[in-house]
Amino acid sequence: MQLELRGITKVFGPLVANDHIDITVEPGQIHALLGENGAGKSTLMNVLYGLYQPDAGQILIDGEAVSFSGPGDAVAAGIGMVHQHFMLVPVFTVAESVALGYEPAGRFGGVIDARAAAAKVREISERFGFDVDPGAYIGDLPVGVQQRIEIIKALSRDAKVLILDEPTAVLTPQETDELMEIMRDLKASGTSIVFITHKLREIREVADTITVIRRGKVVGTAAPTASQAELAGMMVGHDVSLTVDKEPTTPGEAGLEIDGVSVVDDDGALLLDDVSLTVRDGEILGVAGVQGNGQTELSEVVLGLVSPSVGTVRVGGRDVTRMSVHQRLGAGLGFVPEDRSTDGLVAAFSVAENMILDRYDDPAFGVGPSINPAKVRAHAEKLREEFDVRVTDVGDPISTLSGGNAQKTILARELSRPLKVLVASQPTRGLDVGSIEFVHKRLVAERDNGTAVLIVSSELDEIYSLSDRIAVMYKGRVVGVVAPDTPRDVLGLMMAGVPLDQALAPAAEDHEEKR
C-alpha cells in the first residue's frame, strides 16, 4: 500500500504545527520522520491517524484521496499506530487487550471470545517471533513486551502501514535492538513503517529513507548513509558538534553522599530501596535506567521535595536530610528539574525574575522583602549574554521563550552562584541539537570547576558522553556503578535488572533469555 501526504497543514491558534507537508511512504518501506521535539512530527501522525483533522491538504492511499473522521477510519484503511505511551489495560490479559473494541477478533453477546483472540495473538506472535503469551496479564509484562502487544494489536487489524511514535523512548538497549529486528521482519512481510524519532544512531540503522522536519516544515530528505552530523545539521539548520569535549578528571572529596535512602509512597510502595551513591567533587556521575525506576524520586530526595523513610543525604559533608529546599540551596545545592515548565520556572514571571527565583532574599537584589528592579535586570542582562539566552527583553514573560532558551535560563540561574553539588535531571529533554551542545558544555565546565555533578537522563548516549562514572537503577535500586567505557549491552542488561557480576559474565545473554 502506498501512502501519500500532500500539503498537510495543521494550525493551533497562532502556531502552525504542520506547514504544507509532503511525504510519500512506499510499500514495504521504513520511512523515518526525523526532527526535534516540537518539530511537528507527532501532530502530523495524529492527522494521519484521524485524531486531528487537517486544515489543508490531502491523504492518499494508492493514489485515491481519503479522509478520516477518527482512528476507526484510519484503522479500516489499513493504518495502525503504536503511541509513545501505550494504550493497554494492566489488569487485562494480552488476548483481552488485543481484542478490546475489535469485533472480528471475537465478540458474541458482548463477551470477548477469548479463544479466538488468543489464537490471533499466537498466530501473529509466531509469524514474527514475538514470543508473547496470550494469557499473560499486561501489568506483569516488561515494557518491551508491552510494545510488542501494541504492534500485535495493529497487525491484528490488518495494518499495512504502521506508525511507531518514538518507540525506543522507554526501552533498554537490548529491547531497542529487538525492536529494530522486528521492524526489519515487518518490512520483509510487506508492511510499511513510519518511524518517528529524534535519535540519529537508531534512524541510520534501520531506515530506508529519512524525511527531516524542522518547525513544522519538511526541510529535506536523506539516505541512511548520511552522517549523524549531516542529519543533525538538517534538524537545526546549522552545523553542530555531536561529541562532548572533556578532559579526564581527578575527583576530590565526596561532594554529594546518599546513604541507605529508601522512600515509601502513601500506598506503601517502595520507590527507592536502600540507595547509596557518592558523587565526588569534580566528577559527573550519570544515572542510567529506563524512565520510572526511581530516578525522579532520587533527584527529588536530594533537593528535599521528597523525604526519605530512612537514610541520609549530605552535601559537602553536611547532613541536609531534614533541611528545607531553601536551606539546601543555601548549602550549595543547584538543581535542574526534569520538568522545567512545572518545577523550574514560573510562567507569569519575567525572564529576569525567573533568574533569581532561588535568590529572592539575596541582599544583592534588594533589602528585606523589597526587590530592586534595576539590580535584577542588570543581573539578568549579564546572564543573558553569558548563557546566550535569546530573548527580546529580559522583562518579557518566560513563557515567550523556546524550550532551549527556557532551559538556558534555568542553567543560568543555578550556575550563577557558587555550588558544591549540581543535580541535573533530564537536562536536555525536548531541546534541539544546538541547545544540547550548549548545555553539555556548561555541565562539563561546572565539573571542571570542582562541583560534584549528578546527571539523571533517559538518553543513554547522553549518559555515555558526559559521565565519569555511571550508576544504573532498576525498580528503585542501584544495580551497580560502572566505568563509562562499559559496553552498551552490559549496561542494557543492568537496566533490565541483571546484577553487575552476571551482566559482565559471558553467560549473561543466556541468563537474560531465561528470565
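To convert, note that position 16 of the sequence shown is 16 in UniProt numbering; the numbers rise steadily by one, no gaps.
For glycine and all other residues, C-beta sits at the position ideal for the given N, C-alpha and C.
Contact set for residue i: own chain, Cβ-Cβ below 7 angstroms, skip 5 residues either direction
i	result
K10	A17, N18, T43, V47, Y52, P54, D55
H511	Any answer about H511 is weak, because its pLDDT of 47 lies below 50 and its placement is not dependable; what the coordinates show is given next. The residues are V498, Q502.
E166	Q84, I196, T197
E205	M180
G220	V212, M234
V490	A503, L504
V306	V263, E297, E300
E462	T428
As assigned by DSSP and simplified to three states, the class of residue i
i	result
V261	strand
Q291	coil
T24	strand
D501	helix
P14	coil
F438	helix
H83	coil
E103	Residue confidence is low: E103 scores 47 on pLDDT, short of 50, so the model does not pin down where it sits. No coordinate-derived value is stated.
F108	Confidence in F108 is poor, its pLDDT being 45 and thus under 50, which makes the residue's placement unreliable; the coordinate value appears in the next sentence. In the structure shown, F108 sits in a strand (DSSP, three-state: E or B).
M183	helix
E4	strand
V310	strand
G316	coil
P251	coil
P397	strand
G144	helix
G304	coil
D448	helix
S421	According to the sequence provided, residue 421 is Val. The question's Ser does not apply to it. Reduced to three states, the DSSP call for V421 is strand.
S276	strand
D19	strand
T9	strand
G286	strand
A32	strand
D177	helix
Residue i burial status per 10 Å Cβ neighbour count (16 or more: buried)
i	result
S416	buried
P104	In this prediction, P104 scores a pLDDT of 45, lower than 50, which makes its location untrustworthy; the coordinate-derived value is nonetheless stated afterwards. Label assigned to P104: exposed.
T197	buried
R340	buried
G13	exposed
G139	exposed
D468	buried
R447	buried
residue 517	Here the chain covers residues 1 to 515 and nothing more, so residue 517 does not appear.
N405	buried
L15	exposed
T93	buried
S189	exposed
G109	With a pLDDT of 49 at G109, under the threshold of 50, the predicted position of this residue should be treated as unreliable, though the coordinate-derived value follows. With fewer than 16 other Cβ atoms within 10 Å, it is exposed.
A223	exposed
D281	buried
residue 520	A question about residue 520 goes unanswered here, because the residues of the chain that appear run from 1 up to 515.
Sub-8 angstroms separation of residue i and residue j beta-carbons
i	j	result
S457	P487	no
G492	G294	no
L422	Q407	no
M1	K160	yes
E338	T296	yes
T209	Q29	yes
G260	D274	yes
V394	S324	no
S241	E437	yes
A95	A118	yes
V320	I258	no
N449	R413	no
G50	K41	no
G255	G330	no
V287	M473	yes
Close-in-space but distant-in-sequence residues of the same chain around residue i (CB under 8 angstroms, 5 per side omitted)
i	result
G7	H20, I21, D22, A56, G57, Q58
K514	Residue placement at K514 is poorly supported in this model, since its pLDDT is 46, which falls under 50; the coordinates still yield a value, given next. None.
L443	I284, L422, A424, P427, V453, I455, L466
M183	I30, L164, I193, F195, V206
L88	S97, I138, Q146, I149, E150
Beta-carbon contacts of residue i that lie in its chain and below 6 angstroms, excluding the five residues immediately before and after
i	result
E175	G144
G366	N372
R107	Residue placement at R107 is poorly supported in this model, since its pLDDT is 44, which falls under 50; the coordinates still yield a value, given next. Correct list: empty, nothing qualifies.
F130	R148
G344	P337, I410
E4	T24, L60
Exercise. What alpha helix (DSSP H) runs, 4 residues minimum, are completely inside the stretch 324-387?
Worked result: 325-330, 351-354, 373-387
Exercise. In the stretch 454-490, which residue ranges form an unbroken alpha helix (DSSP H) of at least 4 residues, counting only runs that do not cross its ends?
Worked result: 460-466
For this session: Run through the stretch 47-98 for me and flag every whole beta strand (DSSP E) of 3 or more residues, listed as ranges in chain order.
Result: 56-61, 64-66, 79-82
Exercise. Taking only runs of the beta strand (DSSP E) that begin and end inside the stretch 192-230, which ones reach a length of at least 3 residues, in chain order?
Worked result: 192-197, 209-214, 217-222
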